[in-house]
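In my numbering, the protein residues as written are 1 to 220. Data block below; observations after.
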């Protein structure tokens with residue numbers, strides 16, 4: 001009986017370490033690189049902002065969380081902090097297209113179409129970061145997401161050789177149950193992130209795309 005208890009405690013401790021360790025890694029990697037929406041004047045100007053996808057409704061409109069990210073990205077553009085917005089999301093089926101919804105929303109908000117570049121194969125955070133550098137040729141990024149997501153995104157990008165800082169949205173924290181669920185999901189997601197960057201798994205890649213380069217050269 002005693003051995004069983006000790007064994008259960010040991011397994012429990014290993015589980016806790018397995019969750020806490022990756023979380024510490026992401027927080028350490030992101031230290032000094034996180035900004036809030038209220039700190040925009042302090043955000044270093046960065047040519048390309050990567051906006052990470054976060055769900056689209058059946059009406060082909062961005063979810064509340066995605067809308068908040070897009071509104072923040074639009075403000076970064078208007079203030080001249082970012083010149084190009086790279087919108088990366090899932091487009092795994094014809095019936096689901098995050099990047100197009102993201103692009104259309106930004107254009108409707110007054111962002112010039114020439115300065116919005118869609119990435120149609122950003123199926124998760126790792127893929128979006130890997131494609132930003134390996135497909136679009138970007139090695140310096142400003143990441144835009146909810147604040148609880150940014151440490152993981154920054155840790156992944158930095159592990160892939162991308163110099164990145166992030167601006168986090170907290171405006172949707174008022175939806176407490178959804179926000180809390182997102183915070184809790186980060187713990188297992190951090191474990192996956194460690195696996196992704198240590199295994200160097202292949203993201204969904206393809207030939208180099210000139211979209212970001214062309215957008216940086218576009219007037220406006």
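All C-beta atoms in this analysis are idealised placements derived from N, C-alpha and C, irrespective of residue type, glycine included. All figures in this text were calculated on a predicted structure; none of them were measured in a lab.
Have a look at the DSSP bridge pairing and note the partners of residue i.
i           : result
residue 145 : 168
residue 49  : 85 and 142
residue 34  : 166
residue 119 : 88
For residue i, report the span of its beta strand (DSSP E) as first-last.
i           : result
residue 93  : Looking at the DSSP string, residue 93 is not in any beta strand (DSSP E), and its letter there is neither H nor E.
residue 59  : Element bounds for residue 59: n/a, residue is neither H nor E.
residue 151 : Taken as a continuous stretch (DSSP letters only), residue 151 belongs to no beta strand (DSSP E), being part of the alpha helix (DSSP H) at 150-159.
Could you check how far apart the C-beta atoms of residue i and residue j are, in whole angstroms? I think they sit under 8 Å.
i           : j           : result
residue 140 : residue 46  : 6 Å
residue 150 : residue 168 : 5 Å
residue 74  : residue 106 : 6 Å
residue 222 : residue 123 : This structure leaves residue 222 out entirely; the chain is present only between 1 and 220.
residue 213 : residue 89  : Their Cβ separation, rounded to whole angstroms, is 21 Å, which puts residue 213 and residue 89 out of contact at 8 Å.
If distances are taken between C-alpha atoms only, which option among the options comes closest to residue i?
i           : options               : result
residue 51  : 200, 144, 63 and 181  : 144
residue 147 : 165, 137 and 138      : 165
residue 131 : 201, 80 and 101       : 201
residue 291 : 103, 100, 98 and 163  : One cannot answer for residue 291 here, as it falls past the ends of the chain, which runs 1 to 220.
residue 43  : 29, 72 and 65         : 72
residue 48  : 30, 29, 31 and 87     : 87
residue 65  : 55, 74 and 59         : 55
residue 190 : 111, 126, 176 and 41  : 126
residue 103 : 219, 53 and 29        : 53
residue 26  : 157, 40, 59 and 172   : 157
residue 120 : 98, 109, 210 and 137  : 98
residue 215 : 111, 186, 185 and 206 : 111
Go to residue i, then tell me how far its alpha helix (DSSP H) extends in each direction, as first and last residue.
i           : result
residue 198 : 176-199
residue 202 : It is not in any alpha helix (DSSP H) - residue 202 carries neither H nor E in the DSSP assignment.
residue 124 : Careful: residue 124 lies outside any alpha helix (DSSP H) and carries neither H nor E.
residue 74  : 64-78
residue 43  : First-last for residue 43: undefined, no H or E at that position.
residue 212 : 211-217
Examine the ligand FAD and report whether any of its heavy atoms sits within less than 7 Å of the Cβ of residue i.
i           : result
residue 196 : Absence of the ligand FAD from the depicted structure is noted, as is the absence of any ligand whatsoever, leaving it without description.
Would you please verify whether the beta carbon of residue i is less than 8 Å from any beta carbon of chain C?
i          : result
residue 71 : The chain labelled as chain C is not found in the depicted structure, where only one protein chain is given.
* Counting pairs of beta carbons, one from the region 186-202 and one from the region 21-34, are three or more of them closer than 8 Å? -> yes
* Okay, do the region 79-89 and the region 110-127 touch, 3+ Cβ pairs below 8 Å being the bar? -> yes
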